[in-house]
Structure formats: C-alpha cells, structure tokens
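Colleague:
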C-alpha cells in the first residue's frame with residue numbers, strides 16, 4: 074500500500090479530479106488547504122511592525138491511499154493534469170503505508186481502500 078501526497082495549485086483541482094476519476098478503480102482522495110512558497114526564500118515585507126510573506130500562496134494537498142499497482146498511473150495522471158510549466162506547479166510524493174484501517178468496518182489493508 075502507498076500514500077500519494079500531491080501539492081497543487083487550486084485552479085488545477087478540477088482538471089486533476091476529472092482525470093483521476095477516469096482511472097479504473099480509483100480509490101478517491103482527501104483534500105486539505107495549505108500555504109507555502111516555491112523554492113527559495115522570497116522577500117518579506119514589513120506591515121504594521123509584523124512580517125508577512127507575500128510568497129505564501131494557497132495550495133491544495135491531496136492524500137490518496139492505493140495499491141502499489143495503481144501508483145504509476147495515479148502519479149502520471151496528476152503530473153499531466155496539474156502541469157502548467159510555470160513555477161509553483163506543485164509536488165508529488167509517494168510513501169509506503171504499513172496498514173490502513175477503515176474505522177466503520179474494521180477492514181485492514183487492501184480491503185479498507
């Protein structure tokens with residue numbers, strides 16, 4: 074089992090979601106809002122004695138749990154749908170998952186996804 078974490082520009086969500094739902098047996102995702110800045114430090118600006126970081130842009134974070142066999146197709150789909158060629162397109166990370174438990178049913182592993 075794997076967890077795919079994708080950090081995306083919000084305006085690409087609809088395209089990414091549509092593309093993912095076209096994949097056979099797509100397991101779904103959880104979405105969060107976050108803020109961040111691209112590579113490099115950026116520039117701070119003083120405002121009423123507080124510092125704020127103008128490069129902390131809104132991003133969406135997707136969590137997808139899937140079988141190992143689905144990883145390549147899901148990653149490729151996200152990469153293609155989220156790509157604009159501009160800085161800040163996002164990142165995709167894949168990590169190993171030891172176990173998943175569906176709280177409602179108590180199912181573990183592949184059955185829980």
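Numbering (my numbering), first residue to last: 74 to 186.
Yeah, the Cβ is synthetic: ideal placement off N, Cα and C, and Gly gets one too.
Quick caveat, the model's predicted, so the values are computed rather than measured.
1. In angstroms, rounded to a whole number, what distance separates the CA positions of residue 155 and residue 81?
2. Counting beta carbon pairs with one atom in the region 158-167 and one in the region 90-100, are three or more of them shorter than 8 Å?
3. Just the Cα atoms here: how many angstroms apart are residue 163 and residue 177?
4. Count the other CB atoms, across all protein chains shown, that sit within 10 Å of the CB of residue 137; report buried if there are 16 or more and exposed otherwise.
5. Per DSSP, residue 106 is paired with what?
6. For residue 94, which of helix, strand or coil comes out of DSSP?
7. Decide if residue 183 is buried, meaning its Cβ has at least 16 other Cβ atoms within 10 Å, or exposed.
8. Where residue 108 and residue 185 are concerned, what is the direct C-alpha to C-alpha distance, given to the nearest angstrom?
9. What residue does the beta strand (DSSP E) around residue 168 start on, and which one ends it?
10. If we call anything under 8 Å between Cβ atoms a contact, is residue 134 one with residue 78?
11. I think residue 165 touches residue 148, with their Cβ atoms under 8 Å apart; what is that distance to the nearest whole Å?
Modeller: In terms of the structure at hand:
1. On the chain shown, residue 155 is found 82 positions in, with the first residue counted as 1. On the chain shown, residue 81 is found 8 positions in, with the first residue counted as 1. Using only the alpha carbons, I get a separation of about 7 Å.
2. No contact exists between the region 90-100 and the region 158-167.
3. Locating residue 163 in the chain shown gives position 90, where the first residue counts as 1. Locating residue 177 in the chain shown gives position 104, where the first residue counts as 1. One Cα belongs to residue 163, the other to residue 177, and the distance between them is close to 33 Å.
4. Locating residue 137 in the chain shown gives position 64, counting from the first residue. By the 10 Å Cβ count, residue 137 comes out buried.
5. For the purposes of this step, residue 106 is taken as the residue at position 33 of the chain shown. 133.
6. Taking the chain shown and counting its residues from 1, the one referred to as residue 94 is at position 21. Note: residue 94 maps to helix in three-state DSSP.
7. Position 110 of the chain shown, counting from 1, holds the residue named residue 183. Classification for residue 183: exposed.
8. Locating residue 108 in the chain shown gives position 35, where the first residue counts as 1. Locating residue 185 in the chain shown gives position 112, where the first residue counts as 1. Answer to the nearest angstrom: the Cα atoms are 30 Å apart.
9. As a working mapping, residue 168 is identified with position 95 in the chain shown. Element bounds for residue 168: 163-169.
10. Along the chain shown, read from residue 1 onward, the residue named residue 134 stands at position 61. Along the chain shown, read from residue 1 onward, the residue named residue 78 stands at position 5. Going by C-beta atoms, residue 134 is nearer than 8 Å to residue 78.
11. In the chain shown, the residue the question calls residue 165 occupies position 92. In the chain shown, the residue the question calls residue 148 occupies position 75. With a Cβ gap of about 6 Å, residue 165 and residue 148 count as contacting.
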